[in-house]
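Peer 1:
Residue numbers (the numbering used here), protein chains in the order written: chain A, 1 to 212; chain B, 213 to 694.
1) If we count the other Cβ atoms within 10 Å of its Cβ and call it buried at 16 or more, is residue 1 of chain A buried or exposed?
2) Assign residue 681 of chain B to one of two classes, buried (16 or more other C-beta atoms within 10 Å of its C-beta) or exposed (fewer than that).
3) Can you tell me which of the three DSSP states residue 442 of chain B falls into?
4) What residue range does the alpha helix (DSSP H) around residue 111 of chain A cover?
5) Looking only at its own chain, which residues have a Cβ that is under 7 Å from the Cβ of residue 178 of chain A, when we skip the five neighbours before and after it?
6) Quick check: the Cα distance between residue 583 of chain B and residue 683 of chain B, rounded to an integer number of angstroms?
7) How would you list, in chain order, the residues of chain A whose beta-carbon sits under 7 Å from the beta-carbon of residue 334 of chain B?
8) Should residue 163 of chain B be labelled buried (16 or more other beta-carbon atoms within 10 Å of its own) or exposed?
9) Residues of chain B with CB closer than 8 Å to the CB of residue 198 of chain A, please, in chain order.
10) Pick from B:243, B:416, B:323, B:408: whose alpha carbon is nearest that of residue 350 of chain B?
11) Between the region 560-569 of chain B and the region 304-314 of chain B, do at least 3 Cβ pairs fall closer than 8 Å?
12) State the start and end residues of the unbroken beta strand (DSSP E) segment that holds residue 144 of chain A.
13) Within a Cβ cutoff of 7 Å, which residues of the same chain sit near residue 240 of chain B, ignoring the five residues on either side of it in sequence?
14) Against chain B, with Cβ distances strictly below 8 Å, would residue 150 of chain A count as a contact?
15) Label residue 648 of chain B either buried or exposed according to how many other C-beta atoms from any shown protein chain fall within 10 Å of its C-beta, with 16 as the threshold for buried.
16) Any idea if residue 533 of chain B is buried or exposed, counting beta-carbon neighbours within 10 angstroms, 16 or more meaning buried?
17) Step through the CB atoms of chain A and report whether any lies within less than 8 Å of the CB of residue 254 of chain B.
18) With distance defined between alpha-carbon atoms, name the residue in B:425, B:508, B:490 nearest to residue 496 of chain B.
19) Determine the DSSP secondary structure at residue 416 of chain B, reduced to helix, strand or coil.
20) Quick one: any contact between the region 63-71 of chain A and the region 2-21 of chain A, if contact means 3 or more CB pairs under 8 Å?
21) Under the assumption that residue 100 of chain A contacts residue 23 of chain A (Cβ atoms under 8 Å), give the Cβ distance between them as a whole number of angstroms.
22) Relative to chain B, which residues along the region 153-185 of chain A have a C-beta separation below 8 Å, given in chain order?
23) Taking only beta carbons into account, state which residues of the region 40-61 of chain A come closer than 7 Å to chain B, listed in chain order.
24) Rounded to a whole number of angstroms, what is the C-alpha to C-alpha distance between residue 219 of chain A and residue 346 of chain B?
25) May I ask you to list, following chain order, the residues of the region 384-414 of chain B that have a beta carbon less than 8 Å from some beta carbon of chain A?
26) For chain B, is any of its Cβ atoms less than 8 Å away from the one on residue 103 of chain A?
27) First and last residue of the beta strand (DSSP E) that includes residue 294 of chain B?
28) Check distances from the C-beta atoms of the region 99-129 of chain A to those of chain B and list, in chain order, the residues that come in under 8 Å.
29) Here's the rule I'm using: 16 or more other beta-carbon atoms within 10 Å means buried, otherwise exposed. How should residue 62 of chain A be labelled?
30) Considering residue 374 of chain B, what are the terminal residues of the alpha helix (DSSP H) in which it resides?
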């Protein structure tokens with residue numbers, strides 16, 4: 001059993017160089033990839049999540065840690081078969097039709113990815129039809145929609161209706177968010193969940209799918 | 213002969229030297245020439261191409277600096293806004309500063325319950341009437357994004373509601389080239405005719421491009437409409453440090469200014485000489501919560517810097533924010549942040565200053581907060597007025613008289629005090645200086661409670677001169693037409 005203290009520390013610090021070197025060195029020392037992932041990288045990211053929620057870390061530091069983990073994963077991937085690395089769930093995300101704002105949506109994508117979800121990002125100005133088409137293709141667990149403008153919010157219920165018509169509404173959970181969106185609005189349009197920011201989007205998504 | 217009176221120095225804030233201002237401007241021009249931007253409006257794209265912009269990949273434009281120079285030359289250096297009775301109340305020029313509310317708050321603090329709740333159309337009416345009754349608030353924005361009107365015409369509804377409840381100028385939002393036509397129709401009705409509105413505009417449109425460097429079709433529709441109709445417009449973007457723009461303020465400003473210059477160029481190509489209010493919103497994306505902060509020192513600093521750039525380079529009146537906070541309730545944080553931005557905006561001579569009365573980083577509006585800000589503006593005006601130094605204010609004769617007077621002689625009794633105290637002192641109305649016992653007797657109210665009482669008083673007592681019935685009826689017809 002290897003000691004992953006240095007790797008965990010490097011992930012928390014977002015020190016890509018050291019983390020990659022550590023990953024290589026524990027691999028060379030004979031550690032197994034699953035062990036490195038679980039007890040090194042994920043353990044480090046769990047600590048990052050913990051510190052962030054306590055207000056001890058800032059967003060760019062957290063994103064840097066996620067980037068560090070991603071770089072280390074490149075070394076581990078060859079040791080995994082496809083399907084070996086379990087995802088927390090598949091998320092199809094986009095900014096709704098008529099709305100071109102993407103900072104909030106991108107942040108949600110990155111945080112969810114960092115938390116272990118598999119993300120398909122449709123970008124901005126995504127029509128209900130595009131959501132439906134892609135949902136059929138990737139069979140997501142969650143469809144997540146973002147809107148910054150109140151005038152584009154009606155695209156959210158339209159997308160939900162389109163999912164309904166396509167017969168896949170029951171197969172996905174729908175999450176919504178964005179500056180003008182409220183919990184009440186989510187209930188009105190029968191979305192399954194509302195998240196007020198990227199951090200809570202992650203915990204709400206975990207709740208929806210019953211994963212931790 | 214009377215001694216010469218030295219002119220009164222009025223305190224003024226400067227945060228950039230000329231070299232810094234020029235360096236940011238040059239960087240903005242470089243962004244436009246070398247990086248370019250995405251112009252999604254075919255008409256605007258064509259105008260830019262015809263004028264000498266280099267178009268590639270369909271809608272990507274690189275803009276030579278001389279187009280910016282030409283636009284800066286043709287845009288008017290002064291924008292006059294009138295009230296709805298035709299009086300010039302807001303000459304946006306030089307060091308004139310005017311404060312007003314903001315738009316589109318999703319929530320408001322209920323005046324009766326104090327609870328944060330979703331905004332409705334009635335809130336727009338209340339904020340407009342309050343602004344009409346507050347002497348230091350010069351213009352209104354909607355302060356609400358009401359949930360009880362059809363969302364596709366939301367901006368037409370809030371505009372009509374403001375027209376019904378205020379006679380001061382209105383800064384309005386529209387969604388696209390579709391609803392802005394209806395809003396324009398209403399404005400023409402109020403002014404009397406298209407010509408009357410053009411001659412004495414009481415409206416100014418606020419639209420936003422998307423940082424970084426994206427100009428959506430619906431936004432450009434509004435810009436071109438305003439240029440053609442000569443409606444004053446302002447087109448900042450969301451170039452917030454760490455969000456739509458680099459985390460460092462200089463880079464965020466360069467990007468925001470570059471984006472604003474694109475708007476200005478298209479605007480002047482569409483309507484040479486039409487009024488354009490310059491401005492870039494450069495706040496910060498908070499690195500813990502990811503909200504765009506409305507109480508941070510950075511936004512005040514960047515707009516003070518923009519004011520310096522106006523003085524050094526642009527010469528156009530500028531758009532700014534103040535009197536807002538990230539606090540969730542009107543507490544000490546709200547007061548501190550509101551005052552910080554109000555006084556710095558005034559000291560840097562920003563011209564049109566909006567968002568007064570926002571809490572919760574612009575998501576919640578508060579009638580109490582606007583009422584408090586009205587007094588903070590008065591306080592700032594007093595400070596910015598400086599200290600007149602002349603024979604009368606030096607008051608040497610008064611000193612002589614009081615000192616050489618008999619027992620009981622004192623300044624408080626002297627006629628000089630009686631004649632001058634109202635100008636020489638700032639006389640607060642809501643900021644409490646009463647002695648403890650009388651404060652307690654009056655109900656031991658904190659500033660929030662006093663502002664609540666005052667806002668209620670104004671809303672129940674202040675009369676807004678109503679628009680003619682004919683105008684109101686036609687507005688109803690416009691609202692009903694889909």
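C-beta atoms are modelled at their ideal positions from N, C-alpha and C, and glycine is treated no differently. Here the structure is a predicted model, which is why all the values come from computation and not from measurement.
Peer 2: Reading from the atomic positions:
1) Translated into the one-based positions of the first chain, residue 1 of chain A becomes position 1. Summary for residue 1 of chain A: the model assigns pLDDT 49, below 50, so the residue's position carries little reliability, and this model does not support an answer.
2) By one-based count along the second chain, residue 681 of chain B stands at place 469. Looking at its Cβ environment, which holds fewer than 16 other Cβ atoms inside 10 Å, residue 681 of chain B is exposed.
3) Residue 442 of chain B sits at position 230 when you count from the first residue of the second chain. Reduced to three states, the DSSP call for residue 442 of chain B is coil.
4) What you label residue 111 of chain A is simply residue 111 of the first chain in a count that begins at 1. Start and end: 103-114.
5) Counted from its first residue, the first chain places residue 178 of chain A at position 178. Around residue 178 of chain A: 104, 146, 147, 148.
6) Stepping through the second chain from its first residue, residue 583 of chain B is reached at position 371. Stepping through the second chain from its first residue, residue 683 of chain B is reached at position 471. Near 30 Å, if we compare the C-alpha coordinates of residue 683 of chain B and residue 583 of chain B.
7) Indexing the second chain from 1 puts residue 334 of chain B at position 122. By Cβ distance, chain A contributes nothing, its closest Cβ being about 17 Å from residue 334 of chain B, past 7 Å.
8) Not covered by the structure: residue 163 of chain B. The range shown for chain B is 213 to 694.
9) Within the first chain, residue 198 of chain A is the residue found at index 198, counting from 1. Neighbours of residue 198 of chain A on chain B, chain order: 502.
10) In the second chain, counting from the first residue as 1, residue 350 of chain B sits at position 138. Closest by alpha carbon: B:416.
11) Taking 8 Å as the limit for Cβ pairs, the verdict is that the region 304-314 of chain B does touch the region 560-569 of chain B.
12) Within the first chain, residue 144 of chain A is the residue found at index 144, counting from 1. It spans 142-146 - the beta strand (DSSP E) in which residue 144 of chain A sits, taken as one unbroken run.
13) Your numbering for residue 240 of chain B matches position 28 in the second chain. The answer, listed in chain order, is 466, 469, 470, 473.
14) The residue given as residue 150 of chain A occupies position 150 in the first chain. So yes, residue 150 of chain A belongs to the interface.
15) On the second chain, residue 648 of chain B is found 436 positions in, with the first residue counted as 1. Residue 648 of chain B comes out exposed.
16) Counted from its first residue, the second chain places residue 533 of chain B at position 321. Buried: at least 16 other Cβ atoms inside 10 Å.
17) The residue given as residue 254 of chain B occupies position 42 in the second chain. Chain A, which has no Cβ nearer than 8 Å to the Cβ of residue 254 of chain B, makes this no.
18) As a working note, residue 496 of chain B is residue 284 in the second chain. Answer by Cα proximity: B:508.
19) The residue you call residue 416 of chain B lines up with position 204 of the second chain. Looking at residue 416 of chain B - three-state DSSP - the assignment turns out to be strand.
20) yes
21) Your numbering for residue 100 of chain A matches position 100 in the first chain. Your numbering for residue 23 of chain A matches position 23 in the first chain. So it is not a contact: roughly 39 Å between Cβ atoms.
22) When C-beta distances to chain B are compared with 8 Å, the residues of the region 153-185 of chain A below that value are 153, 154, 179, 180, 182, 184, in chain order.
23) 55, 58, 59, 60
24) With chain A covering only 1 through 212, there is no way to say anything about residue 219 of chain A.
25) 387
26) The count along the first chain starts at 1 and reaches residue 103 of chain A at position 103. Under the 8 Å criterion on CB atoms, residue 103 of chain A is classed as interfacial with respect to chain B.
27) Within the second chain, numbered from 1, the residue matching residue 294 of chain B stands at position 82. Taken as a continuous stretch (DSSP letters only), the beta strand (DSSP E) holding residue 294 of chain B covers 291-294.
28) 100, 101, 103, 104, 107
29) One-based indexing of the first chain puts residue 62 of chain A at position 62. Buried: at least 16 other Cβ atoms inside 10 Å.
30) Counting from one through the second chain, the residue named residue 374 of chain B turns up at place 162. Element bounds for residue 374 of chain B: 366-377.
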